[in-house]
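Student: Residue numbers (the numbering used here), protein chains in the order written: chain A, 3 to 336; chain B, 3 to 336.
Cβ atoms here follow ideal geometry from the backbone N, Cα and C, with glycine treated the same way.
2 protein chains.
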Amino acid sequence: MATLKQVAAHAEVSVQTVSNALNAPHRLRADTLKRVNRSIELLNYRPNRNARSLRTSAVELIGYCVPSWPNQTHLVMDQFLHALCAAAERTGRHILLFTAPGGVDGMPTYDDLHARRMVDGFVLSQTETHDPRHGWLKEQDIPFVSFGRVWKQTTQPGAWVDVDGAAGSAMAVRHLYASGRRRIAFLGWPKSSGLGEDRVGGWRDACKDLGLPIAGLAVRCREDSIEEGARATARLLDGGRTVDGIVALSDILALGALRELTRRGLAPGHDVGVTGFDDSPLAEVVSPGLTSLRQPMDQIAEELITILTGAANGSPVERLLQPELVIRGSSAPG
Amino acid sequence: MATLKQVAAHAEVSVQTVSNALNAPHRLRADTLKRVNRSIELLNYRPNRNARSLRTSAVELIGYCVPSWPNQTHLVMDQFLHALCAAAERTGRHILLFTAPGGVDGMPTYDDLHARRMVDGFVLSQTETHDPRHGWLKEQDIPFVSFGRVWKQTTQPGAWVDVDGAAGSAMAVRHLYASGRRRIAFLGWPKSSGLGEDRVGGWRDACKDLGLPIAGLAVRCREDSIEEGARATARLLDGGRTVDGIVALSDILALGALRELTRRGLAPGHDVGVTGFDDSPLAEVVSPGLTSLRQPMDQIAEELITILTGAANGSPVERLLQPELVIRGSSAPG
DNA sequence: CGGATTGTTTTTAACGTTCAAAACGTCCGT
DNA sequence: ACGGACGTTTTGAACGTTAAAAACAATCCG
Numbered sequence: 003m004a005t006l007k008q009v010a011a012h013a014e015v016s017v018q019t020v021s022n023a024l025n026a027p028h029r030l031r032a033d034t035l036k037r038v039n040r041s042i043e044l045l046n047y048r049p050n051r052n053a054r055s056l057r058t059s060a061v062e063l064i065g066y067c068v069p070s071w072p073n074q075t076h077l078v079m080d081q082f083l084h085a086l087c088a089a090a091e092r093t094g095r096h097i098l099l100f101t102a103p104g105g106v107d108g109m110p111t112y113d114d115l116h117a118r119r120m121v122d123g124f125v126l127s128q129t130e131t132h133d134p135r136h137g138w139l140k141e142q143d144i145p146f147v148s149f150g151r152v153w154k155q156t157t158q159p160g161a162w163v164d165v166d167g168a169a170g171s172a173m174a175v176r177h178l179y180a181s182g183r184r185r186i187a188f189l190g191w192p193k194s195s196g197l198g199e200d201r202v203g204g205w206r207d208a209c210k211d212l213g214l215p216i217a218g219l220a221v222r223c224r225e226d227s228i229e230e231g232a233r234a235t236a237r238l239l240d241g242g243r244t245v246d247g248i249v250a251l252s253d254i255l256a257l258g259a260l261r262e263l264t265r266r267g268l269a270p271g272h273d274v275g276v277t278g279f280d281d282s283p284l285a286e287v288v289s290p291g292l293t294s295l296r297q298p299m300d301q302i303a304e305e306l307i308t309i310l311t312g313a314a315n316g317s318p319v320e321r322l323l324q325p326e327l328v329i330r331g332s333s334a335p336g
Numbered sequence: 003m004a005t006l007k008q009v010a011a012h013a014e015v016s017v018q019t020v021s022n023a024l025n026a027p028h029r030l031r032a033d034t035l036k037r038v039n040r041s042i043e044l045l046n047y048r049p050n051r052n053a054r055s056l057r058t059s060a061v062e063l064i065g066y067c068v069p070s071w072p073n074q075t076h077l078v079m080d081q082f083l084h085a086l087c088a089a090a091e092r093t094g095r096h097i098l099l100f101t102a103p104g105g106v107d108g109m110p111t112y113d114d115l116h117a118r119r120m121v122d123g124f125v126l127s128q129t130e131t132h133d134p135r136h137g138w139l140k141e142q143d144i145p146f147v148s149f150g151r152v153w154k155q156t157t158q159p160g161a162w163v164d165v166d167g168a169a170g171s172a173m174a175v176r177h178l179y180a181s182g183r184r185r186i187a188f189l190g191w192p193k194s195s196g197l198g199e200d201r202v203g204g205w206r207d208a209c210k211d212l213g214l215p216i217a218g219l220a221v222r223c224r225e226d227s228i229e230e231g232a233r234a235t236a237r238l239l240d241g242g243r244t245v246d247g248i249v250a251l252s253d254i255l256a257l258g259a260l261r262e263l264t265r266r267g268l269a270p271g272h273d274v275g276v277t278g279f280d281d282s283p284l285a286e287v288v289s290p291g292l293t294s295l296r297q298p299m300d301q302i303a304e305e306l307i308t309i310l311t312g313a314a315n316g317s318p319v320e321r322l323l324q325p326e327l328v329i330r331g332s333s334a335p336g
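Right, here's the structure in full:
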């Protein structure tokens, strides 16, 4: 494997000149640059990243903790990872995966990776309501950016990128309204979830705006499962008054709604419009397709990397992005 | 950030002694070791991985190319990644993610990562029928191990770990047989797929063993989609003779079967037993649950890392693991 | 023509670690 | 008391790169 020294000898210049040819080509005379580049090509030289990192103390690696348990964003994790990876590579960086215990117990792992100079910083996801990681990392001066806001705190430590859940719910409500639905319910989670509060809030506000009823139309599911979604839907339908639209907080809950509707002989899309959240692979796989709110993964990843690598340079480090409504059969005009 | 030098000064020994305390503690006198360790702890010293890697030319990083397009194993990618990551960490290593074009076009990316000393080797997945990567990497002497066999080649370049698809299909057939099914069909893919041939072969052999018919019971779907699975099932059911069991090559195809059965008023599990492959998240989410063949992810990951890191040490570098049949409602005794 | 200015290249010295060899002790047998 | 053997610690050099400063060369200005 060729080294700078060998290239230098071949091109009959000093090592530093070869280094400059790669990192600051404008400093070289045109003909020298050409000669050096020819030697580089000829010897098939590739800079040793470890040596470079040792000298510059920047490893160009970004840590990402792979979540261990399924939950709401789990189904789109591969999309996210691919986008993140691609965005990192556009800046010459890469993603280093690791596992860590949840919450504050995982912090030593983060600290260790940083202290050993294995990563420059972290991208956090699976942000939780009182996520202790943000404050801890900020405290230690370890660079990071969060995908997802830490809810219920006035000022969140550190930078973040998130998708506007309230706006998403509102989009879903207005979409159902446009196809004639007038009693639109919401399938949510327990109050403790900040993400849940964000999304239910969007539903509530949009309904109020449009003059739609909300009383008795918000149901809280105990967990994010098909079963719970179905049960909650049953409760709604047994309530006596009709429901012609359901905005679910997740694709999983929406699937439960679809199942319960079908079981009762109601046609999703025709009799009741249903929407989900996150546009997971499930959404286009069920029958009829599930209308859902897609997170703009590429944009999210791009922003995360831009902010983390400091390229943001003055522009805000808190970015709220808009989801996109992907319309499928489950919300076909009734 | 503390360095070896600082620790050495603090413990009043040479740098090399501190290095030995970490890498070869048996060489130190007990009291020296204790003193050095106290200093390490006190200064919260962590070895700089870049410096170590530069010296030893081993980065303890394993490259994994994140697949860009959905396909059969896509739905369990996060399970795989988590297992791989955990297995790597058990040996002090980590996973570096990257993206690359498919097939031979991606090879420069692999080469580059290796030449720049950013990874020690690679784990390949999404192995394809005439996958050119294995031969190429072998040629370049770049360490790698493959999750999945390169099909239709007598001897595959390099080491691999795979799951026995034929055995899986056979398990499914015997399971359905045990609950009284006697006409068991197979939903497969076009002949070009080696993985498909493996799985259909297992079905065929098991049926022959049990004295079950196979003629006209193997259907090839054009692609891996719900729609195709449903269509193929329809073709089977329209064939005149009854079918009381369906072994599908993938969970997706199995879902299609479930849909078509339900559409015709047949109860999956009761009237026709259905099984899928890979035990994706979909399997436990549909109603009734889909019986499926789980890939032993933790074991797969463990083997991959063991082989790649050379810890295998004489033991075979070709490991065929057995899937596990996860029984759910779709194959409830008829 | 001397001095300043700018542009290009080289020299020197790190970055933090480990390897290999050398040095230092201590103990042993004779 | 001496050479050898062993166990422990230190010394010197190297891994491949880049930052900073120094050296050199060409150009410009009055």
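Could you check the C-alpha separation between B:R265 and A:L306 for me, to the nearest Å?
Tutor: Within the second sequence, numbered from 1, the residue matching residue 265 of chain B stands at position 263. Within the first sequence, numbered from 1, the residue matching residue 306 of chain A stands at position 304. Spanning the two alpha carbons is a distance of roughly 45 Å.
Student: Quick check: the Cα distance between A:A303 and B:C223, rounded to an integer number of angstroms?
Tutor: Taking the first residue of the first sequence as 1, we reach residue 303 of chain A at position 301. Taking the first residue of the second sequence as 1, we reach residue 223 of chain B at position 221. For A:A303 and B:C223, the distance between alpha carbons rounds to 36 Å.
Student: Apply the 10 Å Cβ neighbour rule to B:T293 and answer buried if 16 or more other Cβ atoms are within range, or exposed otherwise.
Tutor: Within the second sequence, the letter at position 291 stands for residue 293 of chain B. With 16 or more Cβ atoms within 10 Å of its Cβ, B:T293 is classed as buried.
Student: Check whether the Cβ atoms of A:G204 and A:S227 sit closer than 8 Å, and answer yes or no.
Tutor: Within the first sequence, residue 204 of chain A is the residue found at index 202, counting from 1. Within the first sequence, residue 227 of chain A is the residue found at index 225, counting from 1. No.
Student: With a threshold of 16 other CB atoms inside 10 Å of the CB of B:S59, please say whether the residue is buried or exposed.
Tutor: The residue given as residue 59 of chain B occupies position 57 in the second sequence. Counting Cβ neighbours within 10 Å, B:S59 comes out exposed, since fewer than 16 surround it.
Student: To test your reading of the DSSP string, which unbroken beta strand (DSSP E) runs of 3 or more residues are found completely within the segment 163-211 of chain A?
Tutor: List check, beta strand (DSSP E) in window: 186-190.
Student: List, in order along the chain, the chain A residues whose C-beta lies closer than 8 Å to that of B:E91?
Tutor: One-based indexing of the second sequence puts residue 91 of chain B at position 89. Result: F100 and T101.
Student: Give the residues of chain A in contact with B:R51, contact being defined as C-beta atoms less than 7 Å apart.
Tutor: Position 49 of the second sequence, counted from the first residue, corresponds to residue 51 of chain B. Ordered by position in chain A, the residues that pass the 7 Å Cβ test against B:R51 are R118, R119 and M120.
Student: What in chain B is Cβ-close to A:V147, meaning under 8 Å?
Tutor: On the first sequence, residue 147 of chain A is found 145 positions in, with the first residue counted as 1. By Cβ distance, chain B contributes nothing, its closest Cβ being about 17 Å from A:V147, past 8 Å.
Student: Using a beta-carbon distance below 8 Å, is B:I248 in contact with chain A?
Tutor: Walking along the second sequence from the start, residue 248 of chain B turns up at place 246. Not closer than 8 Å to any Cβ of chain A, the Cβ of B:I248 fails to qualify, so no.
Student: If we call anything under 8 Å between Cβ atoms a contact, is B:D166 one with B:L322?
Tutor: Counting from 1 along the second sequence, the entry for residue 166 of chain B is found at position 164. Counting from 1 along the second sequence, the entry for residue 322 of chain B is found at position 320. For B:D166 and B:L322, yes; Cβs fall inside 8 Å.
Student: Does DSSP classify B:E43 as helix, strand or coil?
Tutor: Along the second sequence, one-based indexing puts residue 43 of chain B at 41. Of the three classes helix, strand and coil, the one that applies to B:E43 here is helix, per DSSP.
Student: What are the start and end residues of each continuous alpha helix (DSSP H) run of 4 or more residues lying completely inside the segment 24-70 of chain B, in chain order?
Tutor: The segment 24-70 of chain B contains these whole alpha helix (DSSP H) runs: 32-44 and 51-58.
Student: Consult DSSP for A:G278 and reduce its assignment to one of helix, strand or coil.
Tutor: On the first sequence, position 276 is the one that residue 278 of chain A refers to. A:G278 falls in the strand class under three-state DSSP.
Student: Based on DSSP bridge pairs, tell me the residues matched to B:R296.
Tutor: Taking the second sequence and counting its residues from 1, one reaches residue 296 of chain B at position 294. Answer is B:E326, bridged to B:R296.
Student: Report the three-state DSSP secondary structure of B:P283 (helix, strand or coil).
Tutor: As a working note, residue 283 of chain B is residue 281 in the second sequence. The answer is helix: DSSP assigns B:P283 an H, G or I state.
Student: Count the other C-beta atoms from every protein chain shown that fall within 10 angstroms of the C-beta of B:M173, then say buried if there are 16 or more, exposed otherwise.
Tutor: Residue numbering aside, residue 173 of chain B sits at position 171 when the second sequence is read from its first letter. Per the 10 Å Cβ criterion, buried.
Student: Spell out whether any CB of chain B is found under 8 Å from the CB atom of A:S332.
Tutor: Working through the first sequence from its first residue, we reach residue 332 of chain A at position 330. For A:S332, the answer is no, since every Cβ of chain B falls outside 8 Å of its Cβ.
Student: Residues of chain A with a CB under 9 Å from the CB of B:L83: which are they?
Tutor: Counting from one through the second sequence, the residue named residue 83 of chain B turns up at place 81. Those are V68, M79, D80, L83 and L99, listed as they occur along chain A.
Student: Tell me whether A:S332 sits in a helix, a strand or coil according to DSSP, three-state version.
Tutor: For the purposes of this step, residue 332 of chain A is taken as the residue at position 330 of the first sequence. In this structure, A:S332 counts as helix in the three-state DSSP scheme.
Student: Can you tell which of A:P110, A:F146 and A:D114 has the C-alpha that lies nearest to the C-alpha of A:Y127?
Tutor: Here residue 127 of chain A refers to the residue found at position 125 of the first sequence. Tyr is not the amino acid found at residue 127 of chain A; the sequence shown has Ser there. It is A:F146.
Student: I'd like to know if the segment 83-90 of chain A and the segment 24-39 of chain A are in contact, where contact means that at least 3 CB-CB pairs between them fall below 8 Å.
Tutor: With the cut-off at 8 Å, the segment 83-90 of chain A and the segment 24-39 of chain A do not touch.
Student: Rounded to the nearest angstrom, what separates A:L35 and A:L45 at their Cα positions?
Tutor: In the first sequence, counting from the first residue as 1, residue 35 of chain A sits at position 33. In the first sequence, counting from the first residue as 1, residue 45 of chain A sits at position 43. Near 15 Å, if we compare the C-alpha coordinates of A:L45 and A:L35.
Student: Please work out which residues of its chain come closer than 7 Å, Cβ to Cβ, to B:N39, disregarding the five sequence neighbours upstream and downstream, and give them in chain order.
Tutor: The sequence position of residue 39 of chain B within the second sequence is 37, counting from 1. Taken in chain order, the residues that qualify are A23.
Student: Secondary structure at B:H96, three-state DSSP: helix, strand or coil?
Tutor: Locating residue 96 of chain B in the second sequence gives position 94, where the first residue counts as 1. Of the three classes helix, strand and coil, the one that applies to B:H96 here is strand, per DSSP.
Student: I'd like to know whether the C-beta of B:M3 is nearer than 8 Å to at least one C-beta of chain A.
Tutor: Position 1 of the second sequence, counted from the first residue, corresponds to residue 3 of chain B. Yes - at least one Cβ of chain A is within 8 Å of the one on B:M3.
Student: Which two residues bound the contiguous beta strand (DSSP E) that contains A:I216?
Tutor: For this step, residue 216 of chain A is matched to residue 214 along the first sequence. Premise fails: A:I216 is in no beta strand (DSSP E) and is neither H nor E.
Student: Taking A:V9 as part of the alpha helix (DSSP H), name the residues at either end of that continuous run.
Tutor: Taking the first residue of the first sequence as 1, we reach residue 9 of chain A at position 7. Run containing A:V9: L6 to A13, per the alpha helix (DSSP H) assignment.
Student: Check for me: the beta strand (DSSP E) holding A:A236 runs from which residue to which?
Tutor: Within the first sequence, numbered from 1, the residue matching residue 236 of chain A stands at position 234. That residue, A:A236, is in no beta strand (DSSP E); its alpha helix (DSSP H) goes I228 to D240.
Student: Strictly below 7 Å CB to CB, what residues from chain B border A:S55?
Tutor: Counting from one through the first sequence, the residue named residue 55 of chain A turns up at place 53. Neighbours of A:S55 on chain B, chain order: N52.
Student: If I follow the unbroken alpha helix (DSSP H) through A:G258, where does it start and stop?
Tutor: Here residue 258 of chain A refers to the residue found at position 256 when the first sequence is read from its first residue. That run of the alpha helix (DSSP H) goes D253 to R265.
Student: Looking at C-alpha atoms only, which residue of A:A236, A:G231 and A:V245 is the closest neighbour of A:L255?
Tutor: As a working mapping, residue 255 of chain A is identified with position 253 in the first sequence. Checked all of A:A236, A:G231 and A:V245; the closest Cα to A:L255 is A:G231.
Student: Between the segment 23-49 of chain B and chain A, which residues of the former have CB atoms less than 7 Å from a CB of the latter, in chain order?
Tutor: Residues passing the 7 Å Cβ filter: R48 and P49.
Student: Quick one: which residues of the segment 198-221 of chain A get their C-beta closer than 7 Å to a C-beta of chain B? List them in chain order.
Tutor: Within the segment 198-221 of chain A, no residue has a Cβ that lies closer than 7 Å to any Cβ of chain B.
Student: When you compare only the Cα positions, how much space is there between B:R183 and A:T244?
Tutor: Locating residue 183 of chain B in the second sequence gives position 181, where the first residue counts as 1. Locating residue 244 of chain A in the first sequence gives position 242, where the first residue counts as 1. Using only the alpha carbons, I get a separation of about 44 Å.
Student: Could you give the distance in angstroms between the alpha-carbon of B:W162 and the alpha-carbon of B:Y66?
Tutor: Mapped onto the second sequence, residue 162 of chain B falls at position 160. Mapped onto the second sequence, residue 66 of chain B falls at position 64. Taking the straight line joining both Cα atoms gives about 15 Å.
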